[in-house]
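Protein chains in written order, with my numbering: chain A, 171 to 667; chain B, 312 to 626.
Glycine residues also receive a C-beta, built at the ideal position from the N, C-alpha and C atoms.
Below is the structure:
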């Protein structure tokens, strides 16, 4: 086997390496522009790869994927506008740090966490892909239903402060998530004869609106005092080694979560970032810092999100099943080369696969330099005064929303999202539960119904299947721990001094 | 408090952008004189979008203008179809459709569009379905499946995609022809459907050869039969369903449609372009590479096929 690997690497040639690097840089640019996501970029670039050799074309797409998922954190931190949905959790603490004049630290942490998550997951991909995939394939609707339920409950705990408002936010998000044509019964929900709503509310413009536009509205109505504005215009000192090392346990934990979620077919970075963030907050020694500028928060969100990138390749390569939208397009890229991902891939095209693995490791290392370069290129953004910055954000938000599919509908959603986000923020209603619910609630419902369809209406399917039973048990345990912790701290507070 | 300059700047920027985002008017002298959009109604990565990407890439030489893929996914294809049906009938917005969107669902469901709102241009591919089973299933051929299902009514669980989708319809035909009782679970797409039959959560599935042939070759799935008049070239050992005693000759196709009110001369111009494309060797080679079963039907034959299919569904 080792000589196959060495042979594959030597076969790569300059073009494959250069195109992977080019893809990485392009991906960073795409990710840094709000509205443009990895999925759009990869889908548009797909036809280009038809006429290129496999390692060059697919290596290029992999670079774009990686770069985009990382770079979404840059605008998330600097202007509270996630460049991709995967960076939404990073915006929570990243932007808070920017406002405290610590943008550089935040950007460095995001890069470090991305590299860490990516490297770890790549090692997993290279070593235990096959056994992991064999487990992943046994996951069906009941297991996903439990996972989604657990994630929904978990995220409700992410909201700082008033948990009633968090639950309200989640319920509102769940209702918005239901809008559209229900595929299981072809019933139209909340569509009101607006044809565009048949496809539901698209996530990307919604996020751009709820984060970026709401920020603009808040700045208009209650701008920062001159002193705070001054502070937020400095980038601050770089990340210290000590601070980075302190986050290592969080990094390991979040990366494992991200790798696991990525390896499950159908789940991707936009879910992983929140689950990692939520669990990190639970396990942190300083949970109250989360949302106010916690480096741990950034570490969790970014490493969780970036770990999914190599991990989604696992079900794709082993079974030909997409891990998320991007891998679905990548499968198309393979097919266009006459290579079908799946059980015969390693037997028939081993050198291609190992060549791509080598490119994955290469882009991981290259990201260090590309990342540092992009941080340096983008940091000056914080020094722009808000009277110029805010209109620019509006322009970027509208252009970004429109660029998704040249559809004014997306722009409308973005604008509505902005107003909604503003209304929520001034009333202290947290945004994360809303977004997670929009994403997960319809999925949970779908998995629940599929489970019952599988079992012919029998609810015991959740406990009769071994994997789902253990997940359910873990979830119940987790809830008990949560309740226990809350009761315990109430008791302690009530004790006389 | 509120800085006037900021407020004014923001409002003007927002207005400019939103107005600028509205579509511009089109005045065409020579058709086509700007890029032609092909709407793909499913999320990227599926068979339709890969085939669509190949068509779009190769069509420019014959159209004289680039062809751009526009993805409008949602509602199992309904969003994209409605978008094209209601779009300006100037020949610049086309739909890449399939039997589910253009024949079956408009008949059976209450959708915001009807099949008559489209005029067919050409059919590009036609693939039969291959019925497959999980390798540990208690049947190894279609005959055995039918026998097992008759002995165990309601016990066989198969993977389906979505209501009135490709796989769903294939199994409905099977159940009707063989008079058996089986349960389908709709997994909202071919991908999850395949995953579940691979993982043993369901026992059977029906898909196009390009999706299932590798699994058959590696033994992870057992081929039961192929729903065509003759055996499939790449799967010579798989009997036709008719050979196995069940008369199913239905397949999936991908074709191009334009809004019904598109002027006739533009429809003919498109027809000529795509007829030429189908003869293009480069195009044929690309289609072969992606394992798409190129089976070109020009407009008159395609229309005929569509109305025959539509009648069949209504019964």
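Proximity below 7 Å, CB of residue i to CB of residue j
i	j	result
residue 480/A	residue 295/A	yes
residue 413/B	residue 426/B	yes
residue 549/B	residue 453/B	no
residue 540/A	residue 195/A	yes
residue 370/A	residue 388/A	no
residue 529/B	residue 514/A	yes
residue 502/A	residue 216/A	yes
residue 288/A	residue 476/A	yes
residue 473/A	residue 648/A	no
residue 526/B	residue 532/B	yes
residue 508/B	residue 470/B	yes
residue 350/B	residue 406/B	yes
residue 261/A	residue 252/A	yes
residue 664/A	residue 343/A	no
residue 320/A	residue 620/A	no
residue 205/A	residue 574/A	yes
residue 687/A	residue 405/A	Residue numbering for chain A in the displayed model covers 171 to 667; residue 687/A lies beyond these limits and cannot be assessed.
residue 502/B	residue 492/A	yes
residue 496/A	residue 284/A	no
residue 602/B	residue 521/B	yes
residue 594/A	residue 567/A	no
residue 497/B	residue 512/B	no
residue 309/A	residue 434/A	yes
residue 448/B	residue 514/B	yes
residue 250/A	residue 385/A	yes
residue 266/A	residue 436/A	no
residue 277/A	residue 225/A	no
Contacts around residue i, its chain only, beta-carbon distance under 6 Å, and the 5 residues preceding and following it disregarded
i	result
residue 390/B	383
residue 244/A	202, 548
residue 420/A	450, 466, 469, 470
residue 481/B	440, 517
residue 373/B	584, 587, 588
residue 489/B	457, 557
residue 537/B	439, 441, 543, 549, 551
residue 346/B	376, 377, 379
Residues of its chain near residue i, where Cβ-Cβ distance is below 7 Å and the 5 sequence neighbours each way are ignored
i	result
residue 532/A	187, 190
residue 564/B	409, 410, 434, 436, 437
residue 280/A	243, 247, 260, 264, 468, 472
residue 374/A	205, 207, 255, 574
residue 604/B	436, 437, 438
residue 638/A	312, 313, 316, 632
residue 363/B	349, 351, 380, 407
residue 488/A	299, 300, 303
Close-in-space but distant-in-sequence residues of the same chain around residue i (CB under 8 Å, 5 per side omitted)
i	result
residue 352/A	358, 359
Subject >> Completely contained alpha helix (DSSP H) runs for the segment 229 to 256 of chain A, where each covers 4 or more residues >> reply: 243 to 249
Subject >> Residues of the segment 486 to 505 of chain B with Cβ closer than 9 Å to any Cβ of chain A, in chain order >> reply: 494, 495, 496, 497, 498, 499, 500, 502, 503, 505
Original post:
Would you say the segment 402 to 412 of chain B touches the segment 564 to 574 of chain B, given that touching needs at least three Cβ pairs under 8 Å?
Top reply: Touching, yes.
**OP:** Pick out the complete alpha helix (DSSP H) segments inside the segment 389 to 448 of chain B, 4 residues or longer, and give them in chain order.
**Re:** 389 to 396, 416 to 419
Original post:
Would you say the segment 406 to 413 of chain A touches the segment 372 to 386 of chain A, given that touching needs at least three Cβ pairs under 8 Å?
Top reply: no
Original post:
Counting Cβ pairs closer than 8 Å, one from the segment 454 to 474 of chain A and one from the segment 308 to 324 of chain A, do we hit at least three?
Top reply: When Cβ pairs closer than 8 Å are counted between the two stretches, the segment 454 to 474 of chain A is seen not to touch the segment 308 to 324 of chain A, the count staying below three.
Original post:
Which of the residues in the segment 215 to 248 of chain A, read from start to end, lie with their CB under 8 Å from any CB of chain B?
Top reply: 216, 217, 220
Original post:
If you pair each beta-carbon of the segment 236 to 252 of chain A with each one of the segment 516 to 525 of chain A, do three or more pairs fall below 8 Å?
Top reply: no
Subject >> Ranges of the alpha helix (DSSP H) found wholly within the segment 524 to 584 of chain B, counting only runs of at least 4 >> reply: Correct list: empty.
Original post:
Are at least three pairs of beta-carbons, each pair with one atom in the segment 266 to 281 of chain A and one in the segment 484 to 500 of chain A, less than 8 Å apart?
Top reply: Not touching, per the Cβ criterion.
Original post:
For the segment 534 to 546 of chain B, which residues have a CB atom closer than 8 Å to at least one CB atom of chain A, in sequence order?
Top reply: none
Original post:
Along the chain, which unbroken stretches of the alpha helix (DSSP H) at least 4 residues long are found entirely within the segment 395 to 451 of chain A?
Top reply: 396 to 402, 411 to 416, 418 to 433
Subject >> Residues within the segment 604 to 622 of chain A neighbouring chain B, beta-carbon criterion of under 8 Å >> reply: So the close ones are 616, 620.
Original post:
What residues in the segment 624 to 642 of chain A have a beta carbon less than 8 Å from any beta carbon of chain B?
Top reply: 624, 626
Original post:
At a Cβ cut of 7 Å, what residues of the segment 440 to 461 of chain A count as close to chain B, listed as they run along the chain?
Top reply: none
Subject >> Where the segment 284 to 309 of chain A meets chain B: residues whose CB sits under 7 Å from a CB there >> reply: 307, 308
Subject >> Residues in the segment 504 to 533 of chain B having any Cβ partner in chain A nearer than 9 Å >> reply: 505, 506, 507, 509, 510, 511, 512, 513, 521, 522, 524, 525, 526, 528, 529, 530, 531
Original post:
Mind listing which residues of the segment 601 to 617 of chain B have their C-beta closer than 8 Å to chain A's C-betas, in chain order?
Top reply: 601, 602
**OP:** Pick out the complete alpha helix (DSSP H) segments inside the segment 312 to 350 of chain A, 4 residues or longer, and give them in chain order.
**Re:** Scanning the segment 312 to 350 of chain A from its first residue to its last, the whole alpha helix (DSSP H) runs of 4-plus residues come out as 333 to 348.
Subject >> Complete alpha helix (DSSP H) runs within the segment 254 to 319 of chain A (minimum length 4 residues, chain order) >> reply: Listed in chain order, the alpha helix (DSSP H) runs fully inside the segment 254 to 319 of chain A are 258 to 269, 273 to 306, counting runs of at least 4 residues.
Subject >> the segment 478 to 496 of chain A: positions lying closer than 9 Å to chain B by Cβ >> reply: Closer than 9 Å at the C-beta level to chain B, one finds these residues of the segment 478 to 496 of chain A: 485, 489, 490, 491, 492, 495, 496.
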